[in-house]
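Participant: This is the structure I have questions about; it appears just below.
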Amino acid sequence: MTQNLFKTEWERLERDVPQPRYLRNVHVDSFESFQQSVLNPEPQFVKSVVDSLYSGDVFILKNAFNPEFMVQLVNTMYEHGEQSESSFHKMLDGCPDFHRKITPELAKNYALRQIKHSYYFFNWNNDPFNLFSTINKRWGIFKVLGGFCFNEYEDKSPSTGIVDRLQIAQYPSGVGELELHSDPYLYQKVAISGIMTKRGEHFNTGGAYVLNAKNQKIDLEDQFDIGDVYIVYPTVLHGVETIDKDQAVDWNSIRGRWFMGLYSNASDIYKNRHTCYGVESTGQSS
Numbered sequence: 001m002t003q004n005l006f007k008t009e010w011e012r013l014e015r016d017v018p019q020p021r022y023l024r025n026v027h028v029d030s031f032e033s034f035q036q037s038v039l040n041p042e043p044q045f046v047k048s049v050v051d052s053l054y055s056g057d058v059f060i061l062k063n064a065f066n067p068e069f070m071v072q073l074v075n076t077m078y079e080h081g082e083q084s085e086s087s088f089h090k091m092l093d094g095c096p097d098f099h100r101k102i103t104p105e106l107a108k109n110y111a112l113r114q115i116k117h118s119y120y121f122f123n124w125n126n127d128p129f130n131l132f133s134t135i136n137k138r139w140g141i142f143k144v145l146g147g148f149c150f151n152e153y154e155d156k157s158p159s160t161g162i163v164d165r166l167q168i169a170q171y172p173s174g175v176g177e178l179e180l181h182s183d184p185y186l187y188q189k190v191a192i193s194g195i196m197t198k199r200g201e202h203f204n205t206g207g208a209y210v211l212n213a214k215n216q217k218i219d220l221e222d223q224f225d226i227g228d229v230y231i232v233y234p235t236v237l238h239g240v241e242t243i244d245k246d247q248a249v250d251w252n253s254i255r256g257r258w259f260m261g262l263y264s265n266a267s268d269i270y271k272n273r274h275t276c277y278g279v280e281s282t283g284q285s286s
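Residue numbers (my numbering): 1 to 286.
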């Protein structure tokens, strides 16, 4: 029933109203409060939150994760990256967990410019770092919000078409960035980003931004704390400004901006799969 309330509202808007492209407002709420509203929804809340997201609003949800969990996860991923080789695997049956340093040269092979060190994990593997038990409890809230089941796609393999992919990524100081882009929207109704580092402590400049209707890049980082999650409708244009742009690049350093991305993706069984794409902009930072 809960799922259907959200699903009905999303279907109504997506049928009748053009998709949002620009930031309208930023809302800050506790994750606990938001979670309770999603799991025990009143019709007024359903209409309000879906309409808000579909109008281009960002929601910053405080304390979604224990900060200690996020800090330890950064250290664990960094050590894992130092002890194993960078590699790449398509999302096909049997795909292992892997990590890849996406350098400026490798970034040319992607649909959009993204320079980062990404660690990818899938439900069908053995969960070597015991991540999914904690993360899926939060992920499911955003699935319900999108009109899906709490555990949608958790037991799916690439051959079924749509799979969950957990990404932990470091945007290294001196080079890490993500160009302005639009994300896929068919299999999740919000782009989901978990905050794992704090500007001013782990990096100094750059970070997440969203484009507004005046073509201004609205910086969000000052409102983030470790453990927060922020969500936005996927077609609202957003990116990551170069991290510590004037610093020397060291791919072996832990410094930089780390984040957690929760994605329900079309797998690589599709030749032309629904994915993200870059958008050119002359937007000015604000």
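Quick reminder that beta carbons are idealized off the backbone N, C-alpha and C, glycines included.
1) What residues are listed by DSSP as bridge partners for residue 98?
2) Which residues mark the beginning and the end of the beta strand (DSSP E) in which residue 260 is found?
3) Please determine if the segment 241 to 249 and the segment 55 to 68 are in contact, where contact requires at least 3 C-beta pairs separated by less than 8 Å.
4) Reducing DSSP to helix, strand and coil, say where residue 17 ends up.
5) Determine the direct distance from the alpha carbon of residue 203 to that of residue 256, and round the result to whole angstroms.
6) Going by other Cβ atoms of all chains shown within 10 Å of its Cβ, with 16 needed for buried, is residue 286 buried or exposed?
7) Comparing C-alpha positions only, which one of 176, 165, 175, 215 sits nearest to residue 191?
8) Return yes when the Cβ of residue 168 is within less than 8 Å of the Cβ of residue 287, no when it is not.
9) Taking the C-alpha atoms as reference points, what is the distance between residue 121 and residue 218?
10) Which of helix, strand or coil does DSSP assign to residue 12?
11) Just to confirm, are residue 138 and residue 38 a CB contact at a threshold of 8 Å?
12) Any idea what DSSP makes of residue 211, helix, strand or coil?
13) Which value, in whole angstroms, describes the spacing of the CA atoms of residue 159 and residue 131?
14) Give the DSSP bridge partners of residue 304, in chain order.
15) What are the start and end residues of each continuous beta strand (DSSP E) run of 3 or more residues lying completely inside the segment 100 to 186, in chain order?
16) Which residue wins for smallest C-alpha separation from residue 231, given the options 149, 223, 53?
17) First and last residue of the alpha helix (DSSP H) that includes residue 68?
18) Helix, strand or coil for residue 193, going by three-state DSSP, please let me know.
19) Write down the C-beta distance between residue 150 and residue 143 rounded to the nearest angstrom, noting that I regard them as a contact closer than 8 Å.
20) Tell me whether residue 241 sits in a helix, a strand or coil according to DSSP, three-state version.
21) Considering only C-alpha positions, which residue in the set 125, 84, 222 is nearest to residue 199?
Facilitator: Reading from the atomic positions:
1) Along the sequence shown, one-based indexing puts residue 98 at 98. In the DSSP output, where bridge partners are listed per residue, residue 98 has 120.
2) Here residue 260 refers to the residue found at position 260 when the sequence shown is read from its first residue. Looking at the DSSP string, the run of the beta strand (DSSP E) that includes residue 260 is 256 to 266.
3) Output reads no: the segment 55 to 68 does not touch the segment 241 to 249.
4) Locating residue 17 in the sequence shown gives position 17, counting from the first residue. Residue state, collapsed to three classes: coil.
5) The residue you call residue 256 lines up with position 256 of the sequence shown. The residue you call residue 203 lines up with position 203 of the sequence shown. Computed Cα separation, rounded: 5 Å.
6) Locating residue 286 in the sequence shown gives position 286, where the first residue counts as 1. Since pLDDT at residue 286 reaches only 49, below the 50 mark, its modelled position is unreliable, and the value read off the structure follows with that caveat. Looking at its Cβ environment, which holds fewer than 16 other Cβ atoms inside 10 Å, residue 286 is exposed.
7) Along the sequence shown, read from residue 1 onward, the residue named residue 191 stands at position 191. When only C-alpha atoms are compared, the closest one is 165.
8) In this structure the chain extends from 1 to 286, so residue 287 is not present and cannot be described.
9) Locating residue 121 in the sequence shown gives position 121, counting from the first residue. Locating residue 218 in the sequence shown gives position 218, counting from the first residue. Spanning the alpha carbons of residue 121 and residue 218 requires a straight line of approximately 31 Å.
10) To locate residue 12, count along the sequence shown from 1; it is residue 12. Reduced to three states, the DSSP call for residue 12 is helix.
11) Against the sequence shown, residue 138 aligns to sequence position 138. Against the sequence shown, residue 38 aligns to sequence position 38. It is not a contact, given that the beta carbons lie outside the stated cut-off.
12) Here residue 211 refers to the residue found at position 211 of the sequence shown. Three-state DSSP puts residue 211 in a strand.
13) Position 159 of the sequence shown, counting from 1, holds the residue named residue 159. Position 131 of the sequence shown, counting from 1, holds the residue named residue 131. About 23 Å.
14) Because residue 304 is not part of the residues shown, which for the chain are 1 to 286, the question remains open.
15) 114 to 121, 162 to 172, 177 to 182
16) Taking the first residue of the sequence shown as 1, we reach residue 231 at position 231. The option with the nearest alpha carbon to residue 231 is 53.
17) Here residue 68 corresponds to residue number 68 of the sequence shown, with the count starting at 1. Run containing residue 68: 67 to 83, per the alpha helix (DSSP H) assignment.
18) Indexing the sequence shown from 1 puts residue 193 at position 193. Note: residue 193 maps to strand in three-state DSSP.
19) For the purposes of this step, residue 150 is taken as residue 150 along the sequence shown, with counting starting at 1. For the purposes of this step, residue 143 is taken as residue 143 along the sequence shown, with counting starting at 1. Confirmed, Cβ separation roughly 6 Å.
20) What you label residue 241 is simply residue 241 of the sequence shown in a count that begins at 1. Three-state result, residue 241: strand.
21) Residue 199 sits at position 199 when you count from the first residue of the sequence shown. Among 125, 84, 222, the Cα nearest to that of residue 199 belongs to 222.
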